[in-house]
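Undergrad: The opening position of the sequence shown corresponds to residue 0 in numbering that gives the first Met the number 0, with each subsequent residue numbered one higher. Sharing a structure below in structure tokens format, with a few things to ask.
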Amino acid sequence: MTMNLVKRILAFLLLAGLVACSTFPGKPEPPRVNLVGLQLVSVELFEQRYQVRLRVKNPNAFELPIRGIDFQLEINGKAFADGVSNQSVTVPAFGEQVIALEVSSSLMQVFRQLQSLESGRSPGLKYRINGSVAIGDFGQRLPFEYTGELALSKPARPAGAKGL
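Right under this line is the structure:
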């Protein structure tokens, strides 16, 4: 009788594994993730909190059930902020979804960015987002990376203005 129960449990586990594997037809392509917005939420002496909005694009022919995300944000080649979220969202096949997450940065990370801007080494803000999304019930991880640049233009001088 015990052997019969063991066989039933093994058969059930095998069937459950096959169903789980059939959730995604083929290996899913990683999502494309880009920065939509960055807004300061709170400032404390040693930590700043921001709301980051990310656009997640699904290049697959099936929906991606995202169960969590972790990522890092670099600005001008320096670590700026990082965050994790267990927010669940389903990105439709060949669709996109904007996700709002809270991230944190330290006082030192902010100082490094200010030094970089003041030194004039950076005419703009080059940013890099990298991390991974956990999909499905078993948390399969799909890595992502995106780079972009925001130009910081000098204010235009009024017509007829002279000098620097």
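No residue lacks a Cβ here, since even glycine has one placed at the ideal position from N, Cα and C.
Can at least three beta-carbon pairs, one atom from the stretch 70-90 and one from the stretch 100-109, be found at a separation below 8 Å?
TA: Taking 8 Å as the limit for Cβ pairs, the verdict is that the stretch 100-109 does touch the stretch 70-90.
Undergrad: What does the Cβ neighbour count give for G162, buried or exposed, with the cut at 16 atoms within 10 Å?
TA: The predicted position of G162 is uncertain, since its pLDDT is 47 and thus under 50; no value can be drawn from it.
Undergrad: Determine the DSSP secondary structure at Q38, reduced to helix, strand or coil.
TA: DSSP places Q38 in strand when its eight states are reduced to three.
Undergrad: For Q71 versus N33, is the C-beta distance shorter than 7 Å?
TA: Against a cut-off of 7 Å, the Cβ pair of N33 and Q71 comes out as no contact.
Undergrad: If you reduce the DSSP assignment to three classes, tell me which class K6 lands in.
TA: K6: helix per DSSP, three-state reduction.
Undergrad: Compute the Euclidean distance between the alpha carbons of I192 and L37, then round it to the nearest angstrom.
TA: The chain is shown only over 0 to 163; residue 192 falls outside these bounds and no answer can be derived.
Undergrad: When the Cβ atoms of the stretch 38-45 are set against those of the stretch 53-62, are three or more pairs found closer than 8 Å?
TA: With a cut-off of 8 Å, the stretch 53-62 and the stretch 38-45 do not count as touching, because too few Cβ pairs lie within range.
Undergrad: Measuring only the C-alpha atoms, how far is Q96 from V90?
TA: Roughly 6 Å between the two C-alpha positions.
Undergrad: Spatial neighbours of T1 within its chain, please: CB distance less than 7 Å, with the 5 preceding and 5 following residues excluded, ordered by chain position.
TA: Same-chain partners within the cutoff: there are none.
Undergrad: For I8, count neighbouring C-beta atoms within 10 Å of its own C-beta (all shown protein chains included) and say buried if the count is 16 or more, exposed if not.
TA: By the 10 Å Cβ count, I8 comes out exposed.
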